[in-house]
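Notes to accompany the following structure.
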Amino acid sequence: MTSLLGLSTYAYFWRMSDRVEAPMSLDDALRDAATHDGVDLFQICDHLPLDTASDDRLTAIRTLADDLGLTLEVGTRGTDPAHLARYLHIAQMLGATLVRSMWTSGDDQPDAVETEHRLREAIPAYEAAGVTLALETYEVVATADLVAVVQAIGSDRLGICLDPANTVARLEHPADVVAMTAPHVVNWHVKDSGFTRSPGWVGFQYTGVPIGTGVVDHDAVRTAIDPDARGINRVIEFWLPWQDEHAGADPRPGETPAQTTTRIEAAWTEHTIEYTRSKES
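Sequential numbering from 2 applies to the sequence shown in the numbering used here.
Laid out in structure tokens, this is it:
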């Protein structure tokens, strides 16, 4: 099986945001991703324009990705069956075989019983289409509850998107999350995070850090889920804080916070690709 290395829209979070003078479009991000050696995948994750994109626009995105040699995946939030059906259509239009979603979406926070009911309604169409739904680990939902729902449904087209950095905010240790989810992982969000003291030493801040310097043991994750043997794609994303004086930024002479932030985001992209590829067998 093949494990593709990819970039997420979350690796372009600031470069695509309206906080910069000339935000990158989705097409710009796809073109940039294709310039990086070893990157064969792009995950369009939580990109709201997809919610209402016309079929013509979806066709244009797929054509561009095909021309660039990129495989696509998509990501959204929530388990409402109608919304998951919409994203199945989007995935099919884009030639994507994986949709990443989350248990909750804003104020829509169903309990385990309702979530299982919703997924049982939605999953048969995914099975028929050969598309996998991957529910992400994150702080709103206990990982044990997420695993229990996935196990209860028992579909080959329902799995877990592993991001052990997310659940630290729930006081779940990354190693415990990896151990619980490993048999069900179908997608891996690759990033790192760590704690720093808040100004005045009162409390802590938990933010993204350069990969290999934080709380996530990427070697242990790789060993536990064996992405190469199981065909689990690795998708790079970041939690890079906005680089102003509050983040302790070190701007170059004449740089604005936006320029510092986007420069560092681009540097993290290259560094994370190199780090991840260095772990490949």
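Where a beta carbon is used, it is the ideal one built from N, C-alpha and C, also for glycine.
- In terms of Cβ geometry, ILE233 and VAL40 do not form a close pair [threshold 8 Å].
- The region 229 to 244 and the region 207 to 221 touch, with no fewer than 3 CB-CB distances between them shorter than 8 Å.
- Pairwise C-beta distances place the region 37 to 54 in contact with the region 6 to 13, as three or more of them are shorter than 8 Å.
- Leaving aside the five residues that flank SER102 on each side, the residues in its chain whose CB is nearer than 8 Å to its CB run, in chain order, GLY76, THR77, ARG78, GLY79, THR80, LEU85, TYR88, LEU134, ALA135, LEU136, GLU137.
- Spatial neighbours of THR263 in its own chain (CB-CB distance under 8 Å, excluding positions within 5 residues in sequence) are listed in chain order as TRP15, ARG16, VAL21.
- For the 8 Å CB-CB criterion, ALA153 and GLU122 do not form a contact.
- Beta-bridge annotation (DSSP): ILE45 is paired with VAL75.
- Between VAL236 and ASN188, the C-beta spacing is below 8 Å.
- According to the DSSP assignment, ALA135 belongs to the beta strand (DSSP E) that extends over 133 to 137.
- The beta-carbon separation of ALA176 and ILE226, rounded to 13 Å, does not stay under the 8 Å limit for a contact.
- Note: ARG101 is bridge-paired with GLY76, ALA135 in the DSSP secondary-structure output.
- Nearest to ASP229 by C-alpha distance, out of ARG278, ARG198, GLY213, is ARG278.
- Relative to the Cα of ASP164, the nearest Cα in the group LEU172, GLY155, VAL179, VAL150 belongs to VAL179.
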